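Asker:
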Amino acid sequence: MSYRKTFQLICGFAGGSAALVFAAAAADSRGYFGEPRGEAATRWSRFTVLQAAQPPWTPSSQTPTPTGRPWDFNWDKRDPSMLSNGKKKESVNEDPSSDQDNSKPKATRNILLIRHSQYNLSGNSDKERILTPLGREQAELTGQRLAALGLKYDILIHSSMSRATETANIISKHLQGVELVSCDLLREGAPIEPVPPVTHWKPDAVYYEDGARIEAAFRRYIHRADPNQKEDSYEVIVCHANVIRYFVCRALQFPPEGWLRMGLNNGSITWLTIRPSGRVALRTLGDAGFMPPDKLTRT
Numbered sequence: 000m001s002y003r004k005t006f007q008l009i010c011g012f013a014g015g016s017a018a019l020v021f022a023a024a025a026a027d028s029r030g031y032f033g034e035p036r037g038e039a040a041t042r043w044s045r046f047t048v049l050q051a052a053q054p055p056w057t058p059s060s061q062t063p064t065p066t067g068r069p070w071d072f073n074w075d076k077r078d079p080s081m082l083s084n085g086k087k088k089e090s091v092n093e094d095p096s097s098d099q100d101n102s103k104p105k106a107t108r109n110i111l112l113i114r115h116s117q118y119n120l121s122g123n124s125d126k127e128r129i130l131t132p133l134g135r136e137q138a139e140l141t142g143q144r145l146a147a148l149g150l151k152y153d154i155l156i157h158s159s160m161s162r163a164t165e166t167a168n169i170i171s172k173h174l175q176g177v178e179l180v181s182c183d184l185l186r187e188g189a190p191i192e193p194v195p196p197v198t199h200w201k202p203d204a205v206y207y208e209d210g211a212r213i214e215a216a217f218r219r220y221i222h223r224a225d226p227n228q229k230e231d232s233y234e235v236i237v238c239h240a241n242v243i244r245y246f247v248c249r250a251l252q253f254p255p256e257g258w259l260r261m262g263l264n265n266g267s268i269t270w271l272t273i274r275p276s277g278r279v280a281l282r283t284l285g286d287a288g289f290m291p292p293d294k295l296t297r298t
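The opening position of the sequence shown corresponds to residue 0 in numbering that gives the first Met the number 0, with each subsequent residue numbered one higher.
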């Protein structure tokens, strides 16, 4: 086999610039670039040119530089090490570590955020914006999916708006015995002005009004378990796309103004897990894989 074919074969298998430099250096040393073998200065100058063409490799050039703030373990203001209950020690022999152990959360909270099903967009008032026939089918499918997961649900909370209330009522038929609770804080709104801005979507509500309410809902429902909670919990919250997207950004400590960069299907499931330590994981975002393709909508 000629050296030129060998050279091509090496480059074909390696597929990298390092193999090219190695083969070129070997060819150069044998005089395949056309100069006599004794002309070392010319040979090494050409090899240097090939080396210079390779970008320098360093660990920092291959690893993205971390940006943003470090994880705040006290994001929900419930970190036991940051709390002081003001309880006085009653005995000299009392173990100070016992109070700390008792104040530490031990259970994990699982929060399943459900976007309401498709509704009548032409309605002029909330009472008229009820679910469409397809929307009711979607709610049935979501309820069936939640039941099929086989989880022990503790509560089903829903926005007081008609489309969320109706969705929750249909879902509750599949979750027998689960308490149903309505909450005004979970109503749809504009949590914060989105970045990047959009020209085709302008909320009717004022950001500072809706933002304060939706933030209050986040603080009420998205936090680690209380110390007296003994077992892991599974809570279902039926509300709206804007609220869910904002909750996800806040819980993961992402910039909250990025909420509009996510899209959620009607009846989809977003699953947040909050550990006792304050760690948060997003298990699913807008999962609607349990619905047939012809039932999927985002209106």
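Ideal placement from N, C-alpha and C gives every residue a C-beta, glycine not left out. Computed from a predicted model, the values in this text were never measured in an experiment.
1) Determine, using beta carbons only, whether N227 and Q117 come nearer to each other than 8 Å.
2) Along the chain, which unbroken stretches of the beta strand (DSSP E) at least 3 residues long are found entirely within the segment 191-254?
3) With distances taken from CA atoms, which of R162, S158, K126 is nearest Q137?
4) Once the 5 residues before and after E165 are set aside, which same chain residues still bring their CB inside 7 Å of it?
5) Roughly how many whole angstroms lie between the Cα atoms of P195 and I113?
6) Do G285 and T269 have their CB atoms nearer than 8 Å?
7) Grab the span of the alpha helix (DSSP H) containing A280 for me, first residue to last.
8) In whole angstroms, give me the CA-to-CA distance for W43 and G257.
9) Please tell me whether, using a cut-off of 7 Å, the distance from the CB of V180 to the nearest non-hydrogen atom of the ligand GTP is below it.
10) Which residue or residues does DSSP assign as beta-bridge partners of W270?
11) Looking only at its chain, what residues have a beta carbon closer than 6 Å to the beta carbon of K88, apart from the 5 residues adjacent to it on each side?
12) By the three-class DSSP mapping on this structure, what secondary structure does E187 have?
13) Three or more C-beta pairs under 8 Å: does that hold for the segment 102-112 against the segment 208-226?
14) Does L259 come out as helix, strand or coil in the three-state DSSP assignment?
Answerer: Let's see:
1) no
2) 232-238
3) R162
4) I129, L130
5) 26 Å
6) yes
7) Careful: A280 lies outside any alpha helix (DSSP H), inside the beta strand (DSSP E) at 279-286.
8) Confidence at W43 is low in this model, with a pLDDT of 49, below 50, so the placement of that residue should be treated as unreliable; the coordinate-derived value is given next. One C-alpha to the other measures close to 54 Å.
9) The ligand content of the structure shown is nil, which means the ligand GTP is not present either.
10) L111, T283
11) Its pLDDT being 43, under 50, K88 is placed unreliably in this model, and the value from its coordinates should be taken loosely. For K88, where only same-chain residues beyond five positions count, there are no Cβ hits under 6 Å.
12) coil
13) yes
14) helix
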